[in-house]
Amino acid sequence: MEKLIEVKNLTLTYPGASEPTLKSLNLDINRGEIITVIGKSGCGKSTLLNTMAGYIPPTAGEVLLNGEVITGPDWKLGVVFQNNALYPWLNVADNIGFGLKMRHFDKAEIQSRVDTLLDQVQLTDKKDDYVFELSGGMRQRVAIARALANQPQVVMFDESFGALDEFTRNDIHKVILDLWKSLHLTFFIITHDIDEAIKLGNRIAIMTPDKGLPMKVVDNPYFNISSEDIDANYMNYKNDILKQII
Ligand SMILES: Nc1ncnc2c1ncn2[C@@H]1O[C@H](COP(=O)(O)OP(=O)(O)OP(=O)(O)O)[C@@H](O)[C@H]1O
Ligand SMILES: [Mg+2]
0 MEKLIEVKNL
10 TLTYPGASEP
20 TLKSLNLDIN
30 RGEIITVIGK
40 SGCGKSTLLN
50 TMAGYIPPTA
60 GEVLLNGEVI
70 TGPDWKLGVV
80 FQNNALYPWL
90 NVADNIGFGL
100 KMRHFDKAEI
110 QSRVDTLLDQ
120 VQLTDKKDDY
130 VFELSGGMRQ
140 RVAIARALAN
150 QPQVVMFDES
160 FGALDEFTRN
170 DIHKVILDLW
180 KSLHLTFFII
190 THDIDEAIKL
200 GNRIAIMTPD
210 KGLPMKVVDN
220 PYFNISSEDI
230 DANYMNYKND
240 ILKQII
């Protein structure tokens, strides 16, 4: 398997903090996989994502993308947060194309990418609406399309679906998995919901607050499970993961 991202001995100590938030953390992400990340609140999940996205420079160690050190924000690294700051004065299509406009892509290319993405996130009929007119789930789909417009090599999600109701979340899970299948993407998805981690992850990374322990990554036989297939074995697997988080 080809490594897309390598987190190598990553240490991050926030200015003024006495202890590092991340201590010598190692993690490999393979091209084309979905890795979900689960761990207690405050264990450093967002810190890890922000460092991988180039927003925070590591105190020690490094993060590589295709073998090259990530030194700052880069369009190759897409990020979707829970409260995506979409531009309220722009309509859906212009929100999705905004980054490409900033990168001086020509109009025809922007329009073609935006139209394709609108179709993929099923928002073609909303393309002229302002984002404040949309439901939370639709806004999340705009945010996903906006991240994908740059054709990034990896898309990272930080608790992106946590505020959505269960039905909307299930719809978004389907959108995510369909995009992953059709576009052969690599996703890094942080969640505090274990069922979501199991549904979406080819592998699951478990972060513990015990700094200095290697990050545990487990294979997931229940990837893309449908709710009617949940059985006692699934519950055992889930409980096993729960035990490792606490
Ligand atoms: N900008 C910052 N400056 C100083 N300390 C920070 C900063 N951001 C996070 N921290 C600290 O780093 C630790 C990890 O925070 P982080 O947000 O990465 O955790 P998390 O696992 O994402 O938590 P949650 O599940 O609640 O989102 C916490 O103790 C937090 O207080
Ligand atoms: Mg967080």
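Residue numbers for the sequence shown follow numbering that gives the first Met the number 0, beginning at 0 and rising by one.
Virtual Cβ for every residue (Gly too), placed ideally from N, Cα, C.
Alpha carbon to alpha carbon, how far is residue j from residue i? Give it in angstroms, no decimals.
i, j, result
"L182", "L63", "22 Å"
"K2", "L116", "27 Å"
"G310", "N65", "Outside the modelled stretch of the chain, which goes from 0 to 245, sits residue 310, for which no answer is possible."
"F104", "D177", "27 Å"
"I28", "W179", "15 Å"
"W74", "E61", "18 Å"
"S287", "L241", "Because the chain spans 0 through 245 in this model, residue 287 falls outside it and cannot be assessed."
"Q139", "N8", "33 Å"
"L192", "L48", "Checking the sequence shown, residue 192 turns out to be Asp, not Leu. One C-alpha to the other measures close to 17 Å."
"Q243", "P208", "11 Å"
"T20", "P57", "11 Å"
"G31", "A196", "17 Å"
So what does DSSP say about residue i, is it helix, strand or coil?
i, result
"V174", "helix"
"S306", "The structure shown does not extend to residue 306, since the chain is modelled only from 0 through 245, so no value can be given for it."
"N65", "coil"
"T35", "strand"
"R30", "coil"
"K126", "coil"
"N82", "coil"
If you measure between the beta carbons of residue i and residue j, is that distance less than 7 Å?
i, j, result
"I171", "F156", "no"
"V36", "I189", "yes"
"N169", "Y129", "no"
"I33", "N201", "yes"
"A59", "T10", "yes"
Assuming the contact rule is C-beta atoms closer than 8 Å, residue i and residue j should be a hit. Round their C-beta distance to whole Å, please.
i, j, result
"Q81", "A162", "6 Å"
"G77", "V153", "7 Å"
"K215", "I205", "5 Å"
"V246", "L184", "Residue 246 cannot be examined here, being either before or after the span of the chain that is shown, 0 to 245."
"V113", "A148", "7 Å"
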